[in-house]
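Working notes, structure below.
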Amino acid sequence: MLGYLPDSEVATPQGAERYQSAAISPVPCSTIQPEMEKAIRLVPPKPYTDILIQHFLSEINPQYYCLYPPTFSHDYATWWSGKAAGQALTPEFTCLLLHICACATLYLDFDARQKLETELGENAQNLAGQYHHAAKQLSSTIAPGKGGLTQVQQLFLNAVYYKSEAQFVESWHALGAAIHQAQELGMHKSSSKAIASEFEREMRRRVWCILYTWDWQMSLLLSRPFIINSNYCSFELPNLRLESPDPEEFGLSPIAHMTFQCELGQTISKIPGVMGGLVSPAQAITIQQTTEKWFINLPAPYRPENPDTRWDQSHKHVAMQRHQLHAIGYMVMFLPLKPCLTMTVDQDKPSIKRSLRPTAVDCALKLLESSQRMLAFMLPANAKFHYAPFIIFDTAAFLCSAIIHDHNSTLPGRDKTIEAISKALEALEQISENTKTGAICYAVLNRLAGSMTLTEEEKAAIFSRSSDGSLEGPITPPSASLGSGADLDATSASTDLDLPWSSIDAGINCSLPYELSPSAAGTSEFAGMDGLLSVDMCEMGQIWDWGNLDLNLQ
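Sequential numbering of the sequence shown, starting at 1, is according to the UniProt record's numbering.
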């Protein structure tokens with residue numbers, strides 16, 4: 001429905017009485033910069049912007065909760081009324097608005113995307129790119145330390161946009177810009193010294209918490225140094241009181257999951273070697289114990305074992321964030337244990353790595369299970385959420401390497417490992433026709449699985465997969481089922497369907513390499529692992545290193 005949001009200013013949100021709208025400049029401006037003029041012109045007509053705003057707040061914002069909807073809605077209404085009245089609009093909020101439009105456009109469902117493309121006369125992917133480019137140009141005119149919290153939020157959404165497009169290195173650099181802007185505003189210091197209302201202090205704490213969480217997670221995944229040096233921060237976690245004054249509901253706050261991840265990052269960053277990316281087997285044990293303790297201390301709705309699901313319907317974000325927390329926790333546990341799976345074990349020679357193999361397999365199996373649950377829950381609406389598909393691929397690839405190195409069939413939990421690889425292939429196969437991320441991950445993993453030396457029974461377990469078209473996962477809404485091909489096609493559809501990989505495809509901006517395409521499957525030229533090292537992984541190559549599997553690829 002078009003134009004669902006009010007045309008006039010909404011009431012100032014509770015708890016933000018001193019909040020000054022970020023949309024209108026307190027200083028009148030006699031001239032408008034060309035970048036600002038272009039940006040305002042690119043903002044879609046209000047009915048279409050309303051659709052994008054609603055979609056962002058309901059589908060994307062809950063993933064990180066960088067915006068507090070009541071104050072944003074207030075500013076959004078103020079921006080439109082100010083524009084109509086000829087008031088001076090702030091460049092930072094205009095950037096924020098454009099970045100929201102850019103991100104939301106990438107995640108639209110089929111009906112909304114088709115309506116937008118038909119009535120605006122432009123491909124949705126192109127529209128998203130135009131919004132993003134205009135926001136970047138306008139943002140470059142804002143001096144460091146200016147623009148306040150809104151500037152930090154829009155810079156963060158710049159990183160979100162790049163991540164949605166699978167441009168992980170660009171996202172990491174954009175995250176750095178947001179962090180540096182936050183530091184210019186003193187958000188890394190004690191908020192008690194800031195001249196601000198308690199509401200503004202809480203918002204600063206929330207945004208800094210999100211930035212820190214993204215920093216430690218992206219740095220680990222990309223093998224990059226942490227951008228934030230915790231030794232120079234006076235860290236304050238959000239108090240989670242904005243949504244409800246009831247202490248029993250603090251853990252149900254939409255940003256609670258980011259607070260929990262922030263706490264995990266702070267704890268593991270103190271373990272020697274973690275921030276430098278050099279972790280010994282002994283430190284891997286410490287990381288495992290630390291993360292297990294973190295799991296135990298999670299509130300009941302987020303527990304890995306027998307979570308309390310009574311709030312899943314009244315608080316829609318809880319179930320999704322539960323799956324996200326589990327996947328993050330098991331990823332942290334599995335990362336330092338990966339080398340234990342990519343080695344040929346000498347049964348007569350004891351070693352710490354050998355003793356950790358059962359733990360490594362167990363962590364990998366739990367990570368695969370939690371990632372598949374998260375994927376099942378988030379699809380089809382969030383086809384551009386790359387974390388779950390990549391983690392499924394990455395973890396299953398290491399399990400394939402473990403089987404390949406298991407010459408004596410002594411790998412702990414070998415049967416469960418083979419079953420897990422089969423389920424990973426099934427999950428990736430189901431998204432391979434609709435996202436290029438899924439297509440590349442599935443094709444490469446299929447090649448790796450085909451290279452394993454297996455018994456006939458094991459081959460049957462791997463390649464005789466169910467074709468019922470659904471990902472198994474608890475508490476998965478019917479709308480998130482992968483069984484509906486129409487829904488999945490809709491998620492990634494484009495106005496140009498002439499080529500098999502021409503859809504809006506979760507952000508991989510290149511055609512699928514022939515050696516990974518269905519037409520090459522089964523040919524002797526591309527059988528087994530031959531040529532895998534030369535396969536173009538597109539943007540996935542930014543976070544994937546074949547050398548980690550220790551397969552002596554050529």
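Each residue gets a CB set at the ideal place from its N, CA and C atoms; glycine is no exception.
Pairwise C-alpha distance: residue j and residue i
| i | j | result |
| --- | --- | --- |
| Ala84 | Pro28 | 15 Å |
| Thr141 | Ile228 | 25 Å |
| Lys163 | His55 | 18 Å |
| Thr395 | Val361 | 10 Å |
| Glu292 | Glu419 | 25 Å |
| Asp75 | Val274 | 41 Å |
| Val444 | Thr435 | 14 Å |
| Ile404 | Asn446 | 14 Å |
| Asp505 | Ala124 | Only weak support is given to the placement of Asp505: the predicted model assigns it a pLDDT of 41, under 50, and the value that follows is read from those uncertain coordinates. Their Cα atoms are separated by approximately 12 Å. |
| Gly541 | Asp111 | 33 Å |
| Cys400 | Ile287 | 24 Å |
| Leu379 | Phe385 | 9 Å |
| Val279 | Trp172 | 22 Å |
| Gly485 | Met320 | Because the pLDDT of Gly485 is 34, which lies under 50, any placement of that residue in the model is unreliable, and the question is left without a value. |
| Leu341 | Ala402 | 5 Å |
| Glu426 | Asn552 | 27 Å |
| Ser409 | Trp294 | 34 Å |
| Glu165 | Glu59 | 17 Å |
| Asn158 | Ala174 | 6 Å |
| Cys510 | Asn61 | Note that Cys510 has pLDDT 45, beneath the 50 cutoff, so the model's placement of it is unreliable and the number below is only indicative. Those two C-alpha atoms are separated by around 28 Å. |
| Lys136 | Cys233 | 28 Å |
| residue 555 | Ile40 | Residue 555 is absent from the structure shown; the chain starts at 1 and stops at 554. |
| Pro272 | Pro350 | 25 Å |
| Ser197 | Pro247 | 21 Å |
| Gly450 | Thr49 | 48 Å |
| Gly145 | Leu185 | 6 Å |
| Lys189 | Asn231 | 11 Å |
| Pro225 | Gly277 | 8 Å |
| Leu549 | Lys459 | 21 Å |
| Trp208 | Thr78 | 26 Å |
| Tyr65 | Leu454 | 46 Å |
| Ile296 | Asn306 | 12 Å |
Delimiting residues of the alpha helix (DSSP H) encompassing residue i
| i | result |
| --- | --- |
| Gln33 | Unbroken run through Gln33: none, as it is neither H nor E. |
| Ala88 | First-last for Ala88: undefined, no H or E at that position. |
| Met537 | Careful: Met537 lies outside any alpha helix (DSSP H) and carries neither H nor E. |
| Pro358 | Arg357 to Met378 |
| Met452 | Per DSSP, Met452 belongs to no alpha helix (DSSP H) and is neither H nor E. |
| Phe226 | It is not in any alpha helix (DSSP H) - Phe226 carries neither H nor E in the DSSP assignment. |
| Pro389 | Tyr387 to His405 |
| Asp215 | Glu198 to Leu222 |
| Arg303 | Per DSSP, Arg303 belongs to no alpha helix (DSSP H) and is neither H nor E. |
| Trp172 | Phe168 to Glu184 |
| Cys233 | First-last for Cys233: undefined, no H or E at that position. |
| Gln321 | His317 to Phe334 |
| Thr435 | Where Thr435 is concerned, there is no enclosing alpha helix (DSSP H), given that its DSSP letter is neither H nor E. |
| Cys340 | Unbroken run through Cys340: none, as it is neither H nor E. |
| His257 | Ala256 to Ser269 |
| Lys46 | Lys46 to His55 |
| Gln313 | Where Gln313 is concerned, there is no enclosing alpha helix (DSSP H), given that its DSSP letter is neither H nor E. |
Sub-8 Å separation of residue i and residue j beta-carbons
| i | j | result |
| --- | --- | --- |
| Gly148 | Glu92 | yes |
| Gln183 | Thr213 | no |
| Leu116 | Leu106 | no |
| Leu127 | Leu138 | no |
| Leu337 | Ala284 | yes |
| Lys316 | Gln372 | no |
| Leu356 | Pro281 | yes |
| Thr259 | Leu237 | yes |
| Ser191 | Arg206 | no |
| Gly82 | Ile24 | yes |
| Leu220 | Leu335 | yes |
| His132 | Tyr161 | yes |
| His323 | Ser269 | no |
| Lys46 | Trp80 | yes |
| Ile543 | Leu211 | no |
| Leu96 | Gln20 | no |
| Phe156 | Glu539 | no |
| Ile100 | Ile51 | no |
| Leu98 | Leu42 | yes |
| Val318 | Leu252 | yes |
Nearest-angstrom beta carbon gap, residue j and residue i [assumed within contact, 8 Å]
| i | j | result |
| --- | --- | --- |
| Ala327 | Ile391 | 6 Å |
| Phe377 | Cys441 | Not quite, the Cβ-Cβ distance comes to about 18 Å (not below 8 Å), so this is no contact. |
| Leu242 | Tyr68 | 6 Å |
| Pro389 | Leu375 | 7 Å |
| Ala22 | Thr118 | Contact flag wrong, Cβ pair sits at about 33 Å. |
Quiz item: Can you list the alpha helix (DSSP H) stretches of 4 or more residues lying completely in the stretch 113-166, in chain order?
Solution: 124-139 and 148-164
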